[in-house]
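J.:
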Amino acid sequence: MTRPFGKFLVIGFVAVLLLFVLRCFEWQILDSDRYLALASNRFLSTAYLPAGRGRILDRNGVVIAANKLTYSLAVVLGASRFEGFDAKWYRGRISRLYSDRLDPMLSDDARTAIDERIAADRAKVNLLLSRSETVAGISKACEGRVGVTELASSITTALLRVSRGWESSWTPIVVARTIPDDLASEISAYPSDYPGWTIIPSLRRTYPWGEDLYQVTGYLRAVSQSDMEVLEEYGFISGLMSLSDVDSTYLRTTSRLLDETVGATGLERSFESQIRGSSGLLRKIRLRTGEEKCLDDVKPRNGSDIISSIDVRFQKIAREEIGDQTGSIVVMEPETGEILAYVSNPSISPSEFSDGISSSRFREISADPDRPLLNRPTQGLYPPGSVFKIVMAAAGLELGVVDDETRFTCTSDFSYGGRRIRCYGDAAHGSVSLAEALKVSCNKYFFHLANQKNLSMESIGKFAGLFGFGERTGVELPFEKPGNISGLYRMDWDSISKYQYAIGQGTLLVTPLQVARMMAAFANGGFLVKPTMLRVQYYPTREKLQISDGTFDRINAALARVSNEPGGTGYTARPNCHEKIAGKTGSAEYGAKDAPTHSWFASFGPVGKPGLVIVVMCEKAGTGGKVAAPIAAAIYERIFALTDNK
């Protein structure tokens with residue numbers, strides 16, 4: 045009996061020893077990093093320091109997007125005390141549960157049971173904290189900005205993160221943002237009265253010009269879960285943003301971003317990688333003596349400022365002059381393509397988003413029939429109406445189909461294919477030349493021009509493409525639409541279809557910015573510029589069009605007559621000053637029978653030395669001469685007066 049018993053005893057001892065060695069191997073080798081982190085977190089204090097986003101400025105240095113200093117309330121659980129709640133005891137209890145849960149030998153049922161105990165403890169912690177006089181007092185001091193339940197929930201989440209080893213018990217964890225300045229001052233001035241509480245300065249995005257510049261600046265949104273997944277895998281989102289080493293470390297450690305916002309639209313999105321700063325890091329170790337030693341100190345680096353092309357003085361003028369009209373205004377410098385004013389009306393203040401917008405409010409805005417979120421100059425698609433006659437004129441002159449002496453006869457109306465077609469204003473223009481046809485916007489002249497044998501619709505399509513229609517302009521704003529000129533390349537043409545396209549109807553769709561780009565080519569001597577939202581420091585991006593100077597000269601002379609001679613459709617666009625402007629009206633039908641037309645006026649000025657291109661487009665407002673042209677005249681007058689007084 046002694047030998048077998050001794051044999052079993054030896055075998056049992058070896059088995060226990062082997063199991064002990066395996067567990068030691070697991071603890072010391074396989075899970076060493078995790079246990080080292082858990083041990084270190086008892087003594088390490090790691091503070092991540094957020095960086096400020098770069099500002100967005102107008103061309104003269106006026107701030108149009110900036111940061112406002114606010115204060116966040118953070119809790120340090122290693123030093124905190126809550127009336128009626130022992131945070132240290134519960135933290136230790138939940139830590140043990142999390143540690144037990146990681147045991148690879150656990151069965152699924154045992155792990156589920158631990159999860160249920162953690163959930164029950166979380167609910168109990170949340171309840172006890174919500175009843176704590178300490179939490180109630182802090183909530184009251186927040187002047188209603190943070191409720192007791194909300195604050196208790198945030199503290200519970202912080203306790204769980206520390207219990208899990210994701211945060212050190214000596215690391216400040218934010219539990220309330222944008223607290224009152226008085227409370228921040230009180231806690232900072234008398235820290236001994238608020239053990240375990242600390243103030244962390246933070247920055248909130250502000251937009252001083254509100255809805256006036258919403259479509260230019262854009263706004264910030266919370267980083268989505270899909271964005272987070274890409275960032276966790278690659279550390280960057282192509283074409284949008286990339287993370288610094290510190291931000292990447294924070295993401296890997298906490299599964300969160302320190303700055304959890306990203307540009308959603310406008311310049312905030314287009315220049316996110318430049319505007320977004322790089323976070324800093326301050327890591328200290330707590331010695332047994334109670335002293336702290338600095339281990340890492342990485343300073344935060346603010347993002348770069350963006351100097352836009354916008355002149356807020358011009359922007360304010362354009363916004364005031366469009367009034368209650370739904371539509372857009374583009375004011376551009378023709379030589380460089382710099383956009384000086386950019387109006388999309390109606391609009392909305394980007395602060396609605398930066399302050400945090402509820403889902404119900406966002407649905408309300410999205411469902412608004414006036415579409416305040418639509419960026420009309422680059423995303424609004426409209427038939428150009430008679431503005432397209434400029435392209436027709438260029439095609440006719442360049443291909444030799446018409447010249448200065450070519451005349452067609454116009455009666456007040458005419459019939460073709462059983463359809464009655466009226467000229468603009470039901471006028472009978474008589475015998476008209478190309479220049480006169482542009483001046484009075486004679487529809488019948490361009491009907492005859494479109495039906496000339498030497499002018500195919502494919503050729504007109506090529507000229508439309510030369511002026512940038514049918515493609516994105518490349519402006520530094522997201523989600524720009526290219527418009528549509530594909531109908532010009534159809535082969536099954538009849539004369540009525542040709543007529544519709546000749547006067548800018550049919551399936552032609554353009555954006556106001558595309559029209560401004562075309563007008564800039566006539567103003568600058570034949571260069572197609574790339575519109576830009578940035579102040580051009582060196583050379584503009586532009587290309588010389590393969591169109592003769594004579595064609596530009598003839599059309600420019602005709603456009604000057606539109607606005608400066610009685611009978612011109614844009615005669616109402618004469619500014620009450622000494623300068624003359626050139627332009628073209630447009631009254632575009634959009635499908636609804638007998639409904640008011642879209643109102644266009646595309647222009648440049650002063651004649652002879654053009655420094656401005658102004659395009660006004662008002663939706664469903666009436667004729668271009670009655671609505672859009674007077675708005676443009678008022679803008680020219682005020683800008684000329686402003687710049688003359690420099």
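My numbering applies: residue 45 is where the sequence shown begins, and numbers increase by one. Where a beta carbon is used, it is the ideal one built from N, C-alpha and C, also for glycine.
On the DSSP letters alone, give me the boundaries of the alpha helix (DSSP H) that ASN600 sits inside.
T.: On the sequence shown, position 556 is the one that residue 600 refers to. Element bounds for ASN600: 593-608.
J.: Would you call SER213 buried or exposed, if buried means 16 or more other Cβ atoms sit within 10 Å of its Cβ?
T.: As a first step, residue 213 is located in the sequence shown; it is residue number 169 there, counting from the start. SER213 comes out buried.
J.: To the nearest angstrom, how far is it from the Cα of GLU663 to the Cα of THR380?
T.: Translated into positions along the sequence shown, residue 663 becomes position 619. Translated into positions along the sequence shown, residue 380 becomes position 336. If I take the Cα positions, the gap works out to 28 Å.
J.: Can you list, in chain order, the residues of its chain whose CB lies under 8 Å from that of ASP225, leaving out five sequence neighbours each side?
T.: Position 181 of the sequence shown, counting from 1, holds the residue named residue 225. Only TYR115 meet the Cβ criterion.
J.: Can you tell which of THR517, GLN549 and ARG516 has the C-alpha that lies nearest to the C-alpha of PHE490?
T.: Taking the sequence shown and counting its residues from 1, one reaches residue 490 at position 446. Closest by alpha carbon: GLN549.
J.: Judging by CA-CA distance, which residue of TYR263, GLU211, GLY128 and ASN170 is the nearest neighbour of LEU417?
T.: Position 373 of the sequence shown, counted from the start, is the residue given in the question as residue 417. LEU417 has its Cα closest to that of TYR263, out of TYR263, GLU211, GLY128 and ASN170.
J.: What distance in whole Å lies between the Cβ atoms of THR555 and LEU441, which are believed to be in contact at a cut-off of 8 Å?
T.: The count along the sequence shown starts at 1 and reaches residue 441 at position 397. The count along the sequence shown starts at 1 and reaches residue 555 at position 511. Actually they do not touch by this definition, with Cβ atoms about 25 Å apart.
J.: On the DSSP letters alone, give me the boundaries of the beta strand (DSSP E) that VAL573 sits inside.
T.: Locating residue 573 in the sequence shown gives position 529, where the first residue counts as 1. 571-573 is the span of the beta strand (DSSP E), which, as asked, contains VAL573.
J.: Taking DSSP as the reference, what is the three-state secondary structure of TYR680?
T.: Start at 1 with the first residue of the sequence shown, and residue 680 comes out as number 636. TYR680: helix per DSSP, three-state reduction.
J.: Under a Cβ-count criterion, where at least 16 other Cβ atoms within 10 Å of its own Cβ denotes burial, should TYR234 be classed as buried or exposed?
T.: Looking up residue 234 in the sequence shown gives position 190. Under this definition TYR234 is an exposed residue.
J.: Give me, in chain order, the residues of the same chain whose beta-carbon lies closer than 8 Å to that of ALA479; leave out the 5 immediate sequence neighbours on both sides.
T.: Indexing the sequence shown from 1 puts residue 479 at position 435. ASP448, ARG598, ALA601, ALA602 and ARG605.
J.: With three or more C-beta pairs closer than 8 Å as the rule, is the region 236-245 touching the region 140-147?
T.: These segments do not touch.
J.: Of the residues LEU331, THR687, VAL206 and PHE648, which one's Cα is nearest the Cα of VAL660?
T.: Here residue 660 is taken as the residue at index 616 of the sequence shown, counted from 1. Nearest option by C-alpha distance: PHE648.
J.: Straight-line CA distance for ALA83 to SER207?
T.: Numbered from its first residue, the sequence shown carries residue 83 at position 39. Numbered from its first residue, the sequence shown carries residue 207 at position 163. Residue placement at ALA83 is poorly supported in this model, since its pLDDT is 47, which falls under 50; the coordinates still yield a value, given next. Rounded to whole angstroms, ALA83 to SER207 spans 12 Å at the Cα level.
J.: Need the endpoints of the beta strand (DSSP E) that THR628 sits in, please.
T.: What you label residue 628 is simply residue 584 of the sequence shown in a count that begins at 1. Per the sequence shown, residue 628 should be read as Lys rather than Thr. Where LYS628 is concerned, the enclosing beta strand (DSSP E) stretches over 626-632.
J.: By the three-class DSSP mapping on this structure, what secondary structure does PHE129 have?
T.: What you label residue 129 is simply residue 85 of the sequence shown in a count that begins at 1. Strand.
J.: Just tell me which of GLY122, LEU275, CYS338 and ASP303 has its CA closest to the CA of PRO239.
T.: Indexing the sequence shown from 1 puts residue 239 at position 195. With distances taken between Cα atoms, PRO239 lies closest to GLY122.
J.: Short check: CB of PRO179 to CB of LEU203, under 8 Å?
T.: Position 135 of the sequence shown, counting from 1, holds the residue named residue 179. Position 159 of the sequence shown, counting from 1, holds the residue named residue 203. The question names Pro, yet the displayed sequence has Val at residue 179. No; because the gap between Cβ atoms is not below 8 Å, this pair is not in contact.
J.: Closest Cβ-Cβ distance between ASP457 and chain B: below 8 Å?
T.: The structure shown has no chain B; it contains just one protein chain.
J.: To test your reading of the DSSP string, which unbroken alpha helix (DSSP H) runs of 4 or more residues are found completely within the region 278-335?
T.: 289-298, 310-314 and 316-319
J.: Starting from the Cα of CYS486, find the closest Cα among GLY527, GLY429 and PRO522 and give me that residue.
T.: Taking the first residue of the sequence shown as 1, we reach residue 486 at position 442. Nearest of GLY527, GLY429 and PRO522 to CYS486, Cα basis: GLY429.
J.: In this structure, does DSSP put ARG78 in helix, strand or coil?
T.: Here residue 78 is taken as the residue at index 34 of the sequence shown, counted from 1. Bear in mind that the predicted position of ARG78 carries a pLDDT of just 49, short of 50, making it too unreliable to give a figure here.
J.: Going by C-alpha to C-alpha distance, which of SER299, ARG248 and GLY307 sits closest to GLN259?
T.: The count along the sequence shown starts at 1 and reaches residue 259 at position 215. Comparing Cα-Cα distances from GLN259 to each of SER299, ARG248 and GLY307, the minimum goes to GLY307.
J.: Give the DSSP-derived three-state secondary structure of HIS492 in the structure shown.
T.: Here residue 492 corresponds to residue number 448 of the sequence shown, with the count starting at 1. Looking at HIS492 - three-state DSSP - the assignment turns out to be helix.
J.: Classify ALA83 as helix, strand or coil using the three-state DSSP reduction.
T.: Numbered from its first residue, the sequence shown carries residue 83 at position 39. Note that ALA83 scores a pLDDT of 47, beneath 50, so its modelled location is shaky; the value from the coordinates is reported in the next line. Helix at ALA83.
J.: Given a cut-off of 8 Å, decide if THR576 and VAL657 are closer than it, judged by their beta-carbon atoms.
T.: Within the sequence shown, residue 657 is the residue found at index 613, counting from 1. Within the sequence shown, residue 576 is the residue found at index 532, counting from 1. The answer is no: Cβ separation not under 8 Å.
J.: For ASN587, which residues in the same chain have their Cβ closer than 6 Å to its Cβ, ignoring the five residues on either side in sequence?
T.: The count along the sequence shown starts at 1 and reaches residue 587 at position 543. First, the residue type needs correcting, since residue 587 is Glu and not Asn in the sequence shown. Excluding residues within five positions, the ones whose Cβ falls inside 6 Å are LEU572.
J.: Specify, as a first and last residue, the run of the beta strand (DSSP E) that GLY474 falls within.
T.: The residue you call residue 474 lines up with position 430 of the sequence shown. 474-476 is the extent of the beta strand (DSSP E) around GLY474.
J.: With a threshold of 16 other CB atoms inside 10 Å of the CB of CYS338, please say whether the residue is buried or exposed.
T.: Your numbering for residue 338 matches position 294 in the sequence shown. Label assigned to CYS338: exposed.
J.: So, for ARG166: in the same chain, excluding its five sequence neighbours on each side, which residues have a beta-carbon less than 7 Å away from its beta-carbon?
T.: Mapped onto the sequence shown, residue 166 falls at position 122. Same-chain partners within the cutoff: THR200 and LEU204.
J.: Identify, in the order they occur along the chain, each residue of the same chain with its Cβ nearer than 7 Å to the Cβ of LYS542, setting aside the five sequence neighbours on each side.
T.: As a working mapping, residue 542 is identified with position 498 in the sequence shown. Within its own chain, the residues whose Cβ lies closer than 7 Å to the Cβ of LYS542, once the five positions on either side in sequence are excluded, are ALA494, ASN495 and MET501, listed in chain order.
J.: Can you grab the Cα-Cα spacing for the pair THR450 / PHE566, in whole Å?
T.: In the sequence shown, residue 450 corresponds to position 406, counting from 1. In the sequence shown, residue 566 corresponds to position 522, counting from 1. Cα to Cα, THR450 sits roughly 22 Å from PHE566.
J.: In terms of residues, what are the limits of the alpha helix (DSSP H) holding ASN170?
T.: The residue given as residue 170 occupies position 126 in the sequence shown. Per DSSP, ASN170 belongs to the alpha helix (DSSP H) from 152-174.
J.: Out of CYS186, ASP340 and GLY611, which one is the CA nearest neighbour of ILE223?
T.: Along the sequence shown, read from residue 1 onward, the residue named residue 223 stands at position 179. Among CYS186, ASP340 and GLY611, the Cα nearest to that of ILE223 belongs to CYS186.
J.: In whole angstroms, give me the CA-to-CA distance for LEU686 and GLY669.
T.: Along the sequence shown, one-based indexing puts residue 686 at 642. Along the sequence shown, one-based indexing puts residue 669 at 625. Rounded to whole angstroms, LEU686 to GLY669 spans 25 Å at the Cα level.
J.: For the region 385-399 against the region 432-441, do three or more pairs of beta-carbon atoms, one drawn from each stretch, fall closer than 8 Å, so that the two count as touching?
T.: Too few Cβ pairs lie closer than 8 Å, so no.
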